[in-house]
Amino acid sequence: MSRSREPHAALAASIYCRGALRAVAAAAALGAGQVGAVELDIPIVSDAAWKSSSVLVSGWEQLGFDDSLWAAARAPYPSPSPPTDLIPGTTAQHIWHDPSGTSDGTTGPVIAFFRRSIAIDLASAPGPVRAGLRISVDDDYEIFVNGVLAFRNQDGGFATKVDSIDISPLIRNGTNVLAIRAVDNSLAAPADRLYERVLVSGRVQSDPGLILNGVPTTASEIPPLLAGDTLEARGDIDVPVTVAGGAKILGIGPMRFGATAGLSGGLIAGPGIELKPSASIFGRGDVAASFKGGIGSVIQAKGGVLKIGDDTKDDAFDHDGDIEVEAGSKLSIASRTGGTLGGIARMFGGGLEASRLSLKSGATITGRGEIGAPLKGGIGSVIQAKGGVLKIGDDTKDDAFDHDGDIEVEAGSKLSIASRTGGTLGGIARMFGGSLEASKLSLKSGAIITGHGAIDAPASGGIGSVIQAKGGVLKIGDASTAGAIELQGVARIDKGAVLALLARDAAKNRGLITLGGGVLQTVAGLEQDVAAKMNGSGSVKGRVVNKGEIAPGESIGRLDFDDELVLEATSLLAIEIAGRPADDAAVETFDRIAVAGRLLLAGRLAIDLLDDFEPIPGDSYDIAIADFIDGAFDSWEFPSPFGLSVVDLADGMMALRLTALTAAVPSPATGALLGTALALLVAGSRRATGRAHPATGRPPAR
Numbered sequence: 001m002s003r004s005r006e007p008h009a010a011l012a013a014s015i016y017c018r019g020a021l022r023a024v025a026a027a028a029a030l031g032a033g034q035v036g037a038v039e040l041d042i043p044i045v046s047d048a049a050w051k052s053s054s055v056l057v058s059g060w061e062q063l064g065f066d067d068s069l070w071a072a073a074r075a076p077y078p079s080p081s082p083p084t085d086l087i088p089g090t091t092a093q094h095i096w097h098d099p100s101g102t103s104d105g106t107t108g109p110v111i112a113f114f115r116r117s118i119a120i121d122l123a124s125a126p127g128p129v130r131a132g133l134r135i136s137v138d139d140d141y142e143i144f145v146n147g148v149l150a151f152r153n154q155d156g157g158f159a160t161k162v163d164s165i166d167i168s169p170l171i172r173n174g175t176n177v178l179a180i181r182a183v184d185n186s187l188a189a190p191a192d193r194l195y196e197r198v199l200v201s202g203r204v205q206s207d208p209g210l211i212l213n214g215v216p217t218t219a220s221e222i223p224p225l226l227a228g229d230t231l232e233a234r235g236d237i238d239v240p241v242t243v244a245g246g247a248k249i250l251g252i253g254p255m256r257f258g259a260t261a262g263l264s265g266g267l268i269a270g271p272g273i274e275l276k277p278s279a280s281i282f283g284r285g286d287v288a289a290s291f292k293g294g295i296g297s298v299i300q301a302k303g304g305v306l307k308i309g310d311d312t313k314d315d316a317f318d319h320d321g322d323i324e325v326e327a328g329s330k331l332s333i334a335s336r337t338g339g340t341l342g343g344i345a346r347m348f349g350g351g352l353e354a355s356r357l358s359l360k361s362g363a364t365i366t367g368r369g370e371i372g373a374p375l376k377g378g379i380g381s382v383i384q385a386k387g388g389v390l391k392i393g394d395d396t397k398d399d400a401f402d403h404d405g406d407i408e409v410e411a412g413s414k415l416s417i418a419s420r421t422g423g424t425l426g427g428i429a430r431m432f433g434g435s436l437e438a439s440k441l442s443l444k445s446g447a448i449i450t451g452h453g454a455i456d457a458p459a460s461g462g463i464g465s466v467i468q469a470k471g472g473v474l475k476i477g478d479a480s481t482a483g484a485i486e487l488q489g490v491a492r493i494d495k496g497a498v499l500a501l502l503a504r505d506a507a508k509n510r511g512l513i514t515l516g517g518g519v520l521q522t523v524a525g526l527e528q529d530v531a532a533k534m535n536g537s538g539s540v541k542g543r544v545v546n547k548g549e550i551a552p553g554e555s556i557g558r559l560d561f562d563d564e565l566v567l568e569a570t571s572l573l574a575i576e577i578a579g580r581p582a583d584d585a586a587v588e589t590f591d592r593i594a595v596a597g598r599l600l601l602a603g604r605l606a607i608d609l610l611d612d613f614e615p616i617p618g619d620s621y622d623i624a625i626a627d628f629i630d631g632a633f634d635s636w637e638f639p640s641p642f643g644l645s646v647v648d649l650a651d652g653m654m655a656l657r658l659t660a661l662t663a664a665v666p667s668p669a670t671g672a673l674l675g676t677a678l679a680l681l682v683a684g685s686r687r688a689t690g691r692a693h694p695a696t697g698r699p700p701a702r
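Be aware that the sequence shown starts at 1, since it is given in our numbering, and climbs by one per residue.
Now the structure itself:
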């Protein structure tokens, strides 16, 4: 059967005065989640304890009337549907006057009278008492309390309507009498007869924890709340509740939900709301209260905007459970200091907004959609962009993205960081082929970017940070922006991978770049600071100006430069030799560099012999090969007698050759060169001097 209820506001002209009688003591709630002691709790239900008659007798409704000759009401009386269809969870039974017990539910008398005496000890209650009834009659009725008409229903046959009646003002200490006149057609005019029945469910309570439309109730008897319904509550509500548009749950104390709370435009408000584990709030509407969600609880925004919290208070949203936001929906977190998340927030294309959002350790944001809030992500938290674009932050504010947790960006997806001053990362950003964009990206000490994809942002890697290209091409920076790349940590490029540094001007390295067989690619070249170092084996594309250290290999290895390599006065070229030159070019016994352009020498050259290796006089090592070699080292460090020369190669290239000698060769800084070394160096100098510069066509200046 469909059901409707007459809003309790219609009773205002009757005896409604709940404000004066509301129990507001701090005792615990009644119902399924009962805690603490309750001094007075008397259920009132229709059952065989009621007396019935079909004969009208003067004074039948009065307190002193003698109903000893009346029959017991038949209970349960036949009906096409159970009482719980009208009043969920009730223990009440349908009743009617049927002393012979022969009616099939349609052949009882048209009019029936009912009485019930109830003893109430008001002295046992520590404060005010609430009393109320929910009544449904097929069809019309009048109810009297202690001889006073409390309510009259004469709607003409809405058999599924449930009326809520506050009878608190009419309750007295001692014996109380409820009397009902029920009519199975209409009080105003005849109507078609179908089933006849009376259903009553209510209670008398001190400090009631649940009041539905002014009537004390239990959690198990809460029906779906429709427009005009108001449930006042405190304590535990461990049964499912639904709140339609125009309906309300008002907390007269803190509330704890242990099942589902579904909103379709309704309101839940109060001083504080808590979700127990496995409980959930879902739908659209307003939860206007300081909010705490337990581990395992769920908030689901669907069908519109779900607002939760209190924007007049600090720390008004703290949720350790999960969140789900559907496409076209939004979760609005109301808290003066923003919200805190400890579970998983699954974004399916919807939005989440807050004044600020903090992620606890273990918290996760995953999916696609928009998080419109400045974000602070704690260590151990995770942001995962998958299935599309996930935008996080607030591009109208500074420092709107500061994440010490991890990031994962799947192929075909994008993490868009919204912050006027860019984003700051302190954890691991794993790129699986997707992209990350921001106005600027800064890496804290310990932060890591690893994988392949695109970091579309001017980037700064702090001391102790790591950038690792692996599995493909990792692009970092913005080719249209000046000063877009500055590295102070470690950049590693694995075999088969490419690290592309995109900037309008030269990328700057103040840390360590290690090539593990991959390619370092620059748009406008690379400048290495005095404290910077490049080592490993692989290729470097773009002009390199070095003030720091270049050390091929991670022991023995080779670095290839496809453009000019400039070694400035503060630079160090560190070469390791592990054995005699091998006839097989594939066998590497010493470090080398190859430059497809000019190699400009300056600074220091340091030679290190590994594992106590001693070369044989005459052994030579071409430690550098270039299109053109110019300049000279300011000093060198040789652990064994060597000579250094520049020689022409058969293929038109030039080589910087190191030759083992029989006598020691001092550093040029001493101002004294041995004859053999001097001859070699002069010979090399003459060859270099006699060759035209490839760029100008003129001999180089010496």
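Note that the Cβ used here is the ideal one computed from N, Cα and C, for glycine as well.
- When Cβ pairs closer than 8 angstroms are counted between the two stretches, the region 420–427 is seen to touch the region 398–409, the count reaching three or more.
- For Ser136, the CB contacts under 6 angstroms within the same chain, skipping 5 residues up- and downstream, are Leu86, Val162, Leu199 in chain order.
- Inclusion of Leu263 and Gly283 in the CB contact set at 7 angstroms is warranted, their separation being smaller than that value.
- Secondary structure note for Tyr141: its beta strand (DSSP E) is the uninterrupted segment 140–145.
- By the Cβ rule, the region 200–211 does not count as touching the region 144–152, because fewer than three pairs are nearer than 8 angstroms.
- When the five nearest sequence neighbours on each side are left out, the beta carbons in the same chain lying within less than 6 angstroms of the beta carbon of Ser445 are those of Gly462, Ile463, Gly464, in order along the chain.
- Counted as a single uninterrupted DSSP element, the beta strand (DSSP E) harbouring Gln384 occupies residues 382–394.
- In terms of CA proximity to Thr481, Asp456 leads the group Phe114, His319, Asp456.
- Residue environment for Gly59: exposed (fewer than 16 other C-beta atoms within 10 angstroms of its C-beta).
- Contact between the region 233–246 and the region 123–130 is not established, with fewer than three Cβ pairs separated by less than 8 angstroms.
- One Cα belongs to Ile120, the other to Val45, and the distance between them is close to 15 angstroms.
- Beta-bridge analysis with DSSP links Arg580 to no other residue.
- Secondary structure note for Asn213: it is in no beta strand (DSSP E), with a DSSP letter that is neither H nor E.
- At the C-beta level, Ala92 and Ser201 come within 7 angstroms of one another.
- In the DSSP annotation of this structure, the continuous segment of the beta strand (DSSP E) that includes Ala660 starts and ends at 654–660.
- Residue state for Asp651 is assigned as coil, using DSSP reduced to three classes.
- Residue range 148–153 is occupied by the beta strand (DSSP E) that includes Phe151.
- Here the alpha carbons of Pro169 and Glu39 stand approximately 19 angstroms from one another.
- Thr217 has its alpha-carbon roughly 15 angstroms from the corresponding atom of Pro240.
- Residue state for Pro552 is assigned as strand, using DSSP reduced to three classes.
- Counting along the chain, the unbroken beta strand (DSSP E) around Ile308 starts and ends at 298–310.
- Note: Arg430 is bridge-paired with Glu408, Thr450 in the DSSP secondary-structure output.
- Per DSSP, the beta-bridge partners of Val545 are Glu527, Val566.
- Glu564 and Gly538 have their C-alpha atoms some 16 angstroms from each other.
- Runs of the beta strand (DSSP E) lying entirely within the region 459–536 and spanning at least 3 residues, in chain order: 459–461, 466–478, 485–487, 490–494, 498–503, 507–509, 512–522, 526–528.
- Secondary structure within the region 599–624: the beta strand (DSSP E) runs of 3 or more consecutive residues, fully enclosed, are 604–609 (chain order).
- Look at Ser124 here: in three-state DSSP terms it is helix.
- Val545 and Leu436 have their C-alpha atoms spaced approximately 29 angstroms apart.
- According to the DSSP assignment, Phe317 belongs to the beta strand (DSSP E) that extends over 317–319.
- Taking a cut-off of 8 angstroms for Cβ pairs, the region 404–415 and the region 357–377 touch, as three or more such pairs fall below it.
- Residue burial is scored here from C-beta neighbours: Leu56 has fewer than 16 other C-beta atoms within 10 angstroms and is therefore classed as exposed.
- For Phe401, the uninterrupted beta strand (DSSP E) segment begins and ends at 401–403.
- In the structure shown, Glu196 adopts coil according to DSSP, grouped into three states.
- Around the beta-carbon of Pro615, 16 or more other beta-carbon atoms lie within 10 Å, marking it buried.
- Comparing C-alpha distances from Gly517 to each of Ala48, Gly471, Gln62 shows the shortest one belongs to Gly471.
- Beta-bridge partners of Asp41 (DSSP): Gln205.
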